Amino acid sequence: MRTLIKAFLTACIVSFFFTVTANAADTVKINDLINKMTYYNGRLVTVEGEAVGETLERGEYAWVNINDGSNAIGIWLTSGDAERISYFGDYKHIGDTVRITGVFSENCSEHGGDVDIHCDRMDIVCKGYVKNEVIPRTKIIAALILFGSASTVTVVYFTHRRFQSKLDARNYISK
Amino acid sequence: MKSLRPHYLSVSIISYNMGFVVLGAALLMIIPLATSLALHEWNPVLDFTLSLSVTSIIGIILIVFGRQARLKKLRAEWKHGFVVASLSWIVLMLLCSIPYVLSGNAKSILDGCFDVMSGFTTTGLVMTQDLDHLATGLNMWRHLLTFVGGQGIVVLALSFLMKNTGGAYKMYVGEAKDIGLVPSVRGTARIIWKISLIYLAVGTAALWICGMYIGLSPLPAFFHGLFMFESAWSTGGFAPYTQNIMYYHSFAYEILTIIFFVIGSLNFGLHYAVWQRKKKEMIKNIEVQSFFITSFLACAFAVYRLSQLGIYRDAVSSFRRVVYNIISAHTTTGLGSVYARQFAIEWGGFGILILIVAMLIGGSACSTAGGFKGLRVGIVFKGIIAEIKRILNPERSVRVSKFHHIKEYVLDDSIVKSSALIIICYMFLFAVCTALGVYYGYPFADSAFEAASVTGNVGLSIGVTSISMPSLMKVQYILTMYLGRLEFISVFALLGYIVEGVKKLCAHLSKRS
Ligand SMILES: [Zn+2]
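So the protein sequences, as listed, match chains G and D. For the first sequence, this note's numbering begins at 1 and goes up steadily by one. For the second sequence, this note's numbering begins at 176 and goes up steadily by one.
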């Protein structure tokens, strides 16, 4: 019993410490990084955002762009890390939310003055998913009705027009 | 009743021609519709079906309303051309924004209109939200609008849809594309489109291959290539993702786009001359000279200043971050390789000033670019030199000054005057736009930067343009983009026409009573 309590307490303490360290590495909004870029330049920062688009592989490393709603930034990480991301945000998907800790540069000398973060550690906070597209029924009905009337109007007008110009031509000849 | 009769017929002509322009826009919507259909994006499919239907019904109504123009075989006059061009842009802005609003990515009709006008005028300021999750169909639509807007949408519709294009040249001038490459308008329009489409094929292929090389998968690489080409060639500035050109993290991609937007900012007359193997035109042309001198100076000053500030020290980053943005500003493209706020934070007053000047000067006349155009700057500059010469040697017989633009022109006072007047109009517009920004509490430099970007149809942003911007400013920006793109004349003609019509109507009514 005693050992059990001990184990429980240790677990509590350990988990407490983990949460503390997690809080210590507070995430920064990407837009704040940009707005205070001179301050953050060269510092270790943690950002959290949705991976969007796709991985741009460049040999052993890769680019992944993440967007946290305030802005988007490019992350330079190893291909291995990039492969751990299973969903990228686009029209049909919500991308994985990743937490990136790495060095921020306002004009990275390795990447032609890019504003980027070189990733030291990547965690997947929340897995992405395939969006299920909701199609409102009213939209379908409205589209069908309008499309029907538009095609009718167009066809009627142009047949009428052709008929009329034929008539004109005939009148012209008979004159 | 008699006094109203000719006016009524004018309205028929305008309505009839506009009907075809609107139908042209409806036909264009088939492209994004097909894209969405192919990619199984069902909501956009419905959005575009709805928009297509509404647009074509309105087009037919306008044609039927103006049927007198066809029945009586009325010919369009200059004023009609101007009015059709300027009015069509407003009507199309409303109709083309329907898919944006239906998608929910434009939060209001005003925002949708802003984005469409930004596309049409090849500006490139973005009001659409959540670009990273935008449907490919809608992205296709945005970039298509930019591409078509750059070549002149009214002209496109009229010269391809109508058999009898008697008045089309007038609409051409109305859309600020005063150019006759070959005697017939249809021929000229076809040449412009041929040049653009060949470049479109080559450019998309180049960017597609480059895209796969930098790590995009084949299908997205194709769409990226197509979109970025359309954006660059028409000096637009849209991109499919929030980060604009920074999404790609690639020097090669930047080089390709820079080539395309420089070529796109050159006069179509020049393209045609070069196609006809008159290569000397490239060097002799006053606009080319003007563009290279001003862009070289702007780049040199900016690179020097920013390296002095210690921001970009090595050559590669100077090129990718400074030269790229300066050329992008100068050609009025607006693809940005730095974040909007970086201009404010890092570039400093001098850097911003250079960008403002470059944006206001803009590209070539009769190209897809905006600004007050290299041609006018060159002419006014030569006019000043000639004037100084005249003051210094009053006794000597007056020497004729010339300038070369496709052919030799004599630099007479009326040309200098009209160029100077247009430049003054632009400066006035720029001042009004800046003033409104300052009034709403934005810093002066920021307001001026964004105003220059809007006036010159550039699209670089320093962060003023956002969804939370006051509505009045959004309206003002829309108006400014519109005026800047149509180079005032058409819009003034439209206003004059409306005033004339109202006067006649009043006179008619007072006679009756
Ligand atoms: Zn880097």
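Backbone N, C-alpha and C fix where the C-beta goes; we use that ideal spot for every residue, glycine too. Since the model is a prediction, treat every value here as computed from it, not as a measurement.
Review point. First and last residue of the beta strand (DSSP E) that includes C108 of chain G?
Key: The residue given as residue 108 of chain G occupies position 108 in the first sequence. It spans T97 to C108 - the beta strand (DSSP E) in which C108 of chain G sits, taken as one unbroken run.
Review point. Given 8 angstroms as the limit, is there contact between the stretch 502 to 517 of chain D and the stretch 593 to 609 of chain D, that is, 3 or more CB pairs closer than that?
Key: No, the stretch 502 to 517 of chain D is not in contact with the stretch 593 to 609 of chain D.
Practice item. Specify which residues have a beta carbon nearer than 7 angstroms to any heavy atom of ligand 3, listing them in chain order. Key: Although ligand 3 was asked about, the structure shown includes only ligand 1 as ligands.
Review point. What residues in the stretch 43 to 60 of chain G bring their beta carbon closer than 9 angstroms to a beta carbon of chain D?
Key: E50, V52, G53, E54, T55, L56, E57 and R58
Point to revise | Residues bridged to R74 of chain G (per DSSP) | key: The count along the first sequence starts at 1 and reaches residue 74 of chain G at position 74. Checking the displayed sequence, the identity of residue 74 of chain G turns out to be Gly instead of Arg. G:N65 and G:D116, per the DSSP bridge assignment.
Exercise for review: Taking all protein chains shown into account, decide if H160 of chain G is buried (16 or more other Cβ within 10 angstroms of its Cβ) or exposed.
Suggested key: Translated into positions along the first sequence, residue 160 of chain G becomes position 160. When all chains shown are included, H160 of chain G counts as exposed.
Exercise for review: Throw me the rounded Cβ distance for the R496 of chain D and F426 of chain D pair, which I believe falls under 8 angstroms.
Suggested key: The sequence position of residue 496 of chain D within the second sequence is 321, counting from 1. The sequence position of residue 426 of chain D within the second sequence is 251, counting from 1. About 11 angstroms; that fails the 8 angstroms criterion.
Check your understanding: DSSP beta-bridge partners for Y129 of chain G?
Key -> Taking the first sequence and counting its residues from 1, the one referred to as residue 129 of chain G is at position 129. G:I94.
Practice item. Measuring alpha carbon to alpha carbon, tell me which of D:I235, D:S492, D:D588 and D:L309 ends up nearest D114 of chain G. Key: Your numbering for residue 114 of chain G matches position 114 in the first sequence. Nearest C-alpha to D114 of chain G: D:S492.
Check your understanding: Would you call Q483 of chain D buried or exposed, if buried means 16 or more other Cβ atoms sit within 10 Å of its Cβ?
Key -> On the second sequence, position 308 is the one that residue 483 of chain D refers to. With fewer than 16 other Cβ atoms within 10 Å, it is exposed.
**Study point:** Residue range of the unbroken beta strand (DSSP E) whose run includes F179 of chain G
**Key:** No statement about residue 179 of chain G is possible, as the shown extent of chain G runs from 1 to 175 and does not include it.
Review point. For L647 of chain D, does the count of other Cβ atoms within 10 angstroms reach 16, so buried, or fall short, so exposed?
Key: Against the second sequence, residue 647 of chain D aligns to sequence position 472. Burial call: exposed.
Review point. Under 7 angstroms between C-beta atoms, does I135 of chain G make it to chain D?
Key: Start at 1 with the first residue of the first sequence, and residue 135 of chain G comes out as number 135. With 7 angstroms as the cut-off, I135 of chain G counts as an interface residue toward chain D.
Exercise for review: Can you tell me which of the three DSSP states H308 of chain D falls into?
Suggested key: The residue given as residue 308 of chain D occupies position 133 in the second sequence. H308 of chain D falls in the helix class under three-state DSSP.
Review point. Can you give the Cα-Cα distance for V677 of chain D and H182 of chain D, rounded to whole angstroms?
Key: Sequence index remark: in the second sequence, residue 677 of chain D carries index 502 (1-based). Sequence index remark: in the second sequence, residue 182 of chain D carries index 7 (1-based). Roughly 11 angstroms between the two C-alpha positions.
Check your understanding: In this structure, does DSSP put K548 of chain D in helix, strand or coil?
Key -> Mapped onto the second sequence, residue 548 of chain D falls at position 373. In the structure shown, K548 of chain D sits in coil (DSSP, three-state: anything other than H, G, I, E or B).
Review point. For chain D, is any of its Cβ atoms less than 7 angstroms away from the one on I34 of chain G?
Key: The count along the first sequence starts at 1 and reaches residue 34 of chain G at position 34. I34 of chain G counts as touching chain D.
**Study point:** Segment contact flag, the stretch 370 to 390 of chain D with the stretch 34 to 41 of chain G, C-beta cutoff 8 angstroms, min 3 pairs
**Key:** no
Review point. Cα separation between S628 of chain D and A72 of chain G?
Key: Counting from 1 along the second sequence, the entry for residue 628 of chain D is found at position 453. Counting from 1 along the first sequence, the entry for residue 72 of chain G is found at position 72. Straight-line Cα distance between these residues: approximately 23 angstroms.
Review point. Per DSSP, H579 of chain D is paired with what?
Key: Taking the first residue of the second sequence as position 1, residue 579 of chain D is located at position 404. Answer is D:E583.
Review point. Do you know whose CA, among D:K455, D:I232 and D:V197, lies nearest T152 of chain G's CA?
Key: Start at 1 with the first residue of the first sequence, and residue 152 of chain G comes out as number 152. Nearest C-alpha to T152 of chain G: D:I232.
Review point. From the beta carbon of G390 of chain D, is the nearest beta carbon of chain G less than 7 angstroms away?
Key: Position 215 of the second sequence, counting from 1, holds the residue named residue 390 of chain D. Yes, contact with chain G.
Point to revise | Where the alpha helix (DSSP H) containing T38 of chain G begins and where it ends | key: Translated into the one-based positions of the first sequence, residue 38 of chain G becomes position 38. Its alpha helix (DSSP H) spans residues M37 to Y40.
Check your understanding: So, does the CB of V329 of chain D fall closer than 7 angstroms to a CB anywhere in chain G?
Key -> On the second sequence, position 154 is the one that residue 329 of chain D refers to. For V329 of chain D, the answer is no, since every Cβ of chain G falls outside 7 angstroms of its Cβ.
Practice item. Label Q164 of chain G either buried or exposed according to how many other C-beta atoms from any shown protein chain fall within 10 Å of its C-beta, with 16 as the threshold for buried. Key: Locating residue 164 of chain G in the first sequence gives position 164, counting from the first residue. With fewer than 16 Cβ atoms within 10 Å of its Cβ, Q164 of chain G is classed as exposed.
Point to revise | CA nearest to the CA of H118 of chain G, picked from G:E50, G:D26, G:F158 and G:L77 | key: To locate residue 118 of chain G, count along the first sequence from 1; it is residue 118. Of the candidates G:E50, G:D26, G:F158 and G:L77, the one whose C-alpha sits nearest the C-alpha of H118 of chain G is G:L77.
Check your understanding: How many angstroms separate the CA atom of G53 of chain G from the CA atom of L670 of chain D?
Key -> Start at 1 with the first residue of the first sequence, and residue 53 of chain G comes out as number 53. Start at 1 with the first residue of the second sequence, and residue 670 of chain D comes out as number 495. Their Cα atoms are separated by approximately 46 angstroms.
Point to revise | Terminal residues of the beta strand (DSSP E) in which R58 of chain G lies | key: As a working mapping, residue 58 of chain G is identified with position 58 in the first sequence. Membership of R58 of chain G in the beta strand (DSSP E) is indicated by the continuous run L44 to R58.
Check your understanding: Candidates D:K592, D:A595 and D:F398: which alpha carbon is nearest R317 of chain D's?
Key -> The residue labelled residue 317 of chain D in the question sits at position 142 within the second sequence. It is D:F398.
Review point. Nearest to D168 of chain G by CA position, among D:L246, D:G362 and D:S278, is which residue?
Key: Position 168 of the first sequence, counting from 1, holds the residue named residue 168 of chain G. That would be D:L246, whose Cα lies nearest to the Cα of D168 of chain G.
Point to revise | Alpha carbon of T410 of chain D to alpha carbon of M403 of chain D, nearest angstrom | key: Taking the second sequence and counting its residues from 1, one reaches residue 410 of chain D at position 235. Taking the second sequence and counting its residues from 1, one reaches residue 403 of chain D at position 228. In a straight line, the C-alpha of T410 of chain D is about 10 angstroms away from that of M403 of chain D.
Point to revise | C-beta atoms of A477 of chain D and I529 of chain D nearer than 7 angstroms | key: For the purposes of this step, residue 477 of chain D is taken as residue 302 along the second sequence, with counting starting at 1. For the purposes of this step, residue 529 of chain D is taken as residue 354 along the second sequence, with counting starting at 1. Their beta carbons are under 7 angstroms apart, which means A477 of chain D touches I529 of chain D by this criterion.
Review point. By Cβ distance, which residues of its chain are closer than 8 angstroms to S428 of chain D, with the 5 residues on each side in sequence left out?
Key: What you label residue 428 of chain D is simply residue 253 of the second sequence in a count that begins at 1. Residue identity check: residue 428 of chain D is Tyr in the sequence provided, not Ser. For Y428 of chain D, where only same-chain residues beyond five positions count, the Cβ hits under 8 angstroms are L382, C385, G386, I389, M403 and I420.
Practice item. Could you name the residues of the stretch 90 to 106 of chain G whose beta carbon sits closer than 9 angstroms to any beta carbon of chain D, in the order they occur along the chain? Key: D90, Y91, K92, H93, I94, G95 and E106
Point to revise | Counted within 10 angstroms of its Cβ, other Cβ atoms place N132 of chain G as buried (16 or more) or exposed | key: For the purposes of this step, residue 132 of chain G is taken as the residue at position 132 of the first sequence. Counting the other Cβ atoms within 10 Å of the Cβ of N132 of chain G gives fewer than 16, which makes it exposed.
Review point. Going by other Cβ atoms of all chains shown within 10 Å of its Cβ, with 16 needed for buried, is Y614 of chain D buried or exposed?
Key: The residue you call residue 614 of chain D lines up with position 439 of the second sequence. Exposed is the call here.
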